[in-house]
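Participant:
Residue numbers (the working numbering), protein chains in the order written: chain A, 1 to 538; chain B, 1001 to 1538.
#1: With distances taken Cα to Cα, identify the nearest neighbour of residue 1160/B among 1084/B, 1471/B, 1171/B and 1141/B.
#2: Considering only residues of the same chain and omitting the five flanking positions on each side of residue 317/A, which have a CB-CB separation below 7 Å?
#3: Can you tell me which of the three DSSP states residue 82/A falls into?
#4: Give me the subset of the region 1190-1202 of chain B whose CB atoms are less than 8 Å from a CB atom of chain A, sorted by chain position.
#5: Look at the Cβ atom of residue 1421/B, then the Cβ atom of residue 1369/B, and state whether they are nearer than 7 Å.
#6: Mind checking who residue 509/A pairs with in its DSSP beta bridge?
#7: In the DSSP assignment, the alpha helix (DSSP H) including residue 1100/B goes from what residue to what residue?
#8: If you reduce the DSSP assignment to three classes, tell me which class residue 55/A lands in.
#9: List, in order along the chain, the chain B residues whose C-beta lies closer than 8 Å to that of residue 420/A?
#10: Suppose you measure from the CA of residue 502/A to the CA of residue 508/A; what does that come to, to the nearest Å?
#11: If we cut at 7 Å on Cβ distances, does residue 85/A have a partner in chain B?
#12: Tell me, which residues are paired with residue 419/A by DSSP?
#13: In three-state DSSP terms, what is residue 247/A?
#14: Return the chain-ordered list of same chain residues with a C-beta closer than 8 Å to the C-beta of residue 401/A, the five sequence neighbours on each side being excluded.
#15: Using a Cβ cut-off of 7 Å, which residues of the region 215-236 of chain A contact any Cβ in chain B, in chain order?
#16: Would you mind sorting residue 1480/B into buried or exposed? The rule is 16 or more other CB atoms within 10 Å of its CB.
#17: Is the region 1233-1242 of chain B touching the region 1427-1434 of chain B in the sense that three or more CB pairs, one from each, lie closer than 8 Å?
#18: Give a yes or no on whether 7 Å exceeds the smallest Cβ distance from residue 1392/B to chain A.
#19: Identify the continuous alpha helix (DSSP H) that holds residue 72/A and give its terminal residues.
#20: Kindly list, in the order they appear in chain A, the residues whose Cβ is closer than 9 Å to that of residue 1180/B.
#21: Grab the span of the alpha helix (DSSP H) containing residue 1532/B for me, first residue to last.
#22: Exposed or buried, what is residue 378/A when buried is set at 16 or more other beta-carbons lying within 10 Å of its beta-carbon?
#23: If you measure from the beta carbon of residue 1485/B to each beta carbon in chain A, is any gap under 7 Å?
#24: State the start and end residues of the unbroken alpha helix (DSSP H) segment that holds residue 495/A.
#25: Taking all protein chains shown into account, decide if residue 1526/B is buried (16 or more other Cβ within 10 angstroms of its Cβ) or exposed.
#26: Is the beta carbon of residue 1335/B less than 7 Å from the beta carbon of residue 1361/B?
#27: Check for me: the alpha helix (DSSP H) holding residue 1284/B runs from which residue to which?
#28: Residue range of the alpha helix (DSSP H) that residue 206/A falls in?
#29: Would a check of beta-carbon distances place residue 1018/B closer than 7 Å to chain A?
#30: Name the chain A residues whose beta carbon is nearer than 8 Å to that of residue 1341/B?
#31: In this structure, does DSSP put residue 394/A in helix, strand or coil?
#32: Since residue 1360/B meets chain A, which of its residues come closer than 7 Å, beta carbon to beta carbon?
#33: Which residues does DSSP list as the beta-bridge partners of residue 1413/B?
#34: Tell me whether residue 502/A sits in a helix, a strand or coil according to DSSP, three-state version.
#35: At a Cβ threshold of 7 Å, is residue 1207/B touching chain A?
#36: Taking just the CA atoms, how far does residue 1344/B sit from residue 1494/B?
What follows is the structure, given as structure tokens:
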């Protein structure tokens, strides 16, 4: 027997309509690509999204068509999110840091019909001329005055498109399982794989991340998403901001520490979200200023693990850290790390031992850790195995790549992250399945070694890979970047590590480099390090 | 094209499973019916709900069967919520304050197969012996030691049932639209009508009420739901508490001001939710103590309007008020009243003019006000019309009463509440459609008059009804209860009112009574007042 409740579907357009009604005058601030700060409201955003939806329909784009965006976090990108998904199109966000050939592959694989592109990324699209056969329209996300010389005549101007349309539009109603957005994740092997979100998954995920136990969003929060809108929909923050009336401050292309500090400081940002790499820059700016941005209360750290050093640095400036975990396939929120009530009384080491964990699952996500045979492992904080998750905002497959072995018949997605789960439910990632180092039949966690290394004051960044070893199979190699002005020795680092890890975990060698190779999402590319340093023994 | 996301249904069992995993040791405290304080955890609750689900299955109850509860807010009632809905049964909560004949009608209409009943309400069930033909089992919600003498031998003991079962159970998976619970709402005319909630509507509503812009629930909140579990599922708080790991403090049968104060004070309650009638009692206890309960931060006021007097009284003790609106048909949350950012700077009168409003819609609920022809009225804060709402947790019909005129083909539910909506989206209920007074062709709001009356220091409670008038059609009559120790005069009250309302709104007469007649949900029964005072003119 079914309940007698309204069968209204969960649709992305409704999140914006809600914001425009209940939070009409809430501000959205953008550091534009063109230079000036732009300010308007959720009501304005709704009107312009309606104009854009009409314009896209006039271009002949129809239900289910994929529309690519290659753009920074700006008000225009935000409008594009809602205009595309809201009108039944699929918003396909593309990471501009990918190799142009990968971009061409992705556009072709998705069969994108149109591309909306920021001024700064226009050269990328122009360089791909003739290599994007599915694309019928390119829209440059700027106004007429900023359209560059020499742009092909057929390229359209975003503001011209909007100006030609009335600011009303009836958002269509359709099945909530309808595809809403598409994001390719670059695996270390093979071509990028597309994760195809639905309206349902997006709205449910918005609820989950907005809860007090996660990002705690609401109209008294000024949120600056540093995490790009081309990376897992900026962790879903645009939609969650709409359902909660959160004030948004969009950083545009300026993601360096000084620019972020300045924007946060001048514009009352209370909360921000991004990856550790970005926070290194912000912390540097905070150290220079001797303080945190004026209103900043909390940063959400995800994408890769937050070290104790980083958490302590933020706390030293009076800024809380929310450590979270997820991936493109998980929308992304899977776990968030908050101290359980009562744990505030823990001593310093115990407290940080908790905070460096990725945390407990949020409602909606089920998780387990399994051994190589798929058997569930105990939640004792010791046993480690591959993390599997499932729930309404976890992917069930990749776009046009059926039968990927990461997805099983029971709905579990195998993350390739290796973790422990303690009796209180706190998950801690110890490695990626492929990054674990197997030495003498035992596992060494590259992440644990990296965290121990960056806890040394003279080391800014560290990466550990396994190198082939005749006797042990593999042995760890530490590749480190010295802190500014510091000149650490191999010996000093090993002495430091010996205080933190088992003796047999100690790296065979320590190599100092000027910088680590970073991938398109800002993570260290261990594949490149392996190519360079992990040549077969002998 | 559909997204490629896991199709996991939204199920109530998962809310409890989540609480038991991520918030295993979070406490649930109960003032038991038997007397002592009972303490256990969400993990314990999960184990016992599993035992109860097994026991109910052993009694022959099957998917879709209705199981009645007649019980206070206790840990056993909480277990029953999850055990019934979680296993595919329908949890039918019955208001024990209804007339026994109405209870018999409701049980028969729902065809309840079993009744779980608290010790204190056992006499009600025994008095209905022979009048409940659908009922095969009666379970007394206590342990063997407390089973009263003279109870029929076939009545079962709750704790005996649980003790016979192992504490594991595989919660079944089914369509999220499956009926989960049933609550009858007593209209002023005709028989009570059943609202049949679904798993989907319940889980979505839980997300909505837990957001920072609504009840803001989380593991650092100790919530005491005064609103009974037999009244719109205690406003959905048990499920929302489970998804957020909120600590629950259950008041059992002791809802008087002194008992509530004592329980809140001794058990660290930070937040509570209930109707104004209850808060009058608590405020009285706070006045006696000269302070608020130690940790109390906020009360949620719903069910009927919160007056400025009441809001000021709580704020005077340092307790925030969240004014909210909803009804049985809306799960119930429709709107919540929070000051928009920036409005804290409003002067005192402007601030309270906002706070006495029912607030803005939460995400998921659409609302409009319409004239008698159904045409939408402007959101100008002046035009008033009947409130219509729709969304995923709004009813689409009544159980086994098809084609009720309150529901239209577009999914709108006509609430019979009359309201204005201002340009910022704040809704203010001005009356029930049937309680508006039409005088000389113009409307007088009985609620506005009542609020103005209780703002007089010598008046504790007030009700205004229309009395027939030959010249004007109707004229208002004020029926008031004097504050303790006060002896207000008719003239003083009219002089006071003249400062607050238009002259033609002034009541024809003021009648002082010792108490107002209250219905089963604690609201003033205007029908009774009309029977007594509003005899036809002439």
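Heads up, the beta-carbon is just placed ideally off N, CA and C, and yes, glycines get one too.
Facilitator: Reading it off the structure:
#1: 1141/B
#2: 286, 291 and 292
#3: helix
#4: 1195, 1196, 1197, 1198, 1199, 1200 and 1201
#5: yes
#6: 477/A
#7: 1100-1110
#8: helix
#9: Within chain B, no residue comes near residue 420/A; the closest Cβ sits about 15 Å away, beyond 8 Å.
#10: 13 Å
#11: no
#12: 385/A and 429/A
#13: strand
#14: 193 and 194
#15: 216, 217, 218, 219 and 220
#16: buried
#17: no
#18: yes
#19: Premise fails: residue 72/A is in no alpha helix (DSSP H) and is neither H nor E.
#20: 3
#21: 1526-1533
#22: exposed
#23: no
#24: 490-498
#25: buried
#26: yes
#27: 1276-1289
#28: 199-210
#29: yes
#30: 26, 219, 220 and 247
#31: coil
#32: 22
#33: 1389/B and 1407/B
#34: coil
#35: yes
#36: 33 Å
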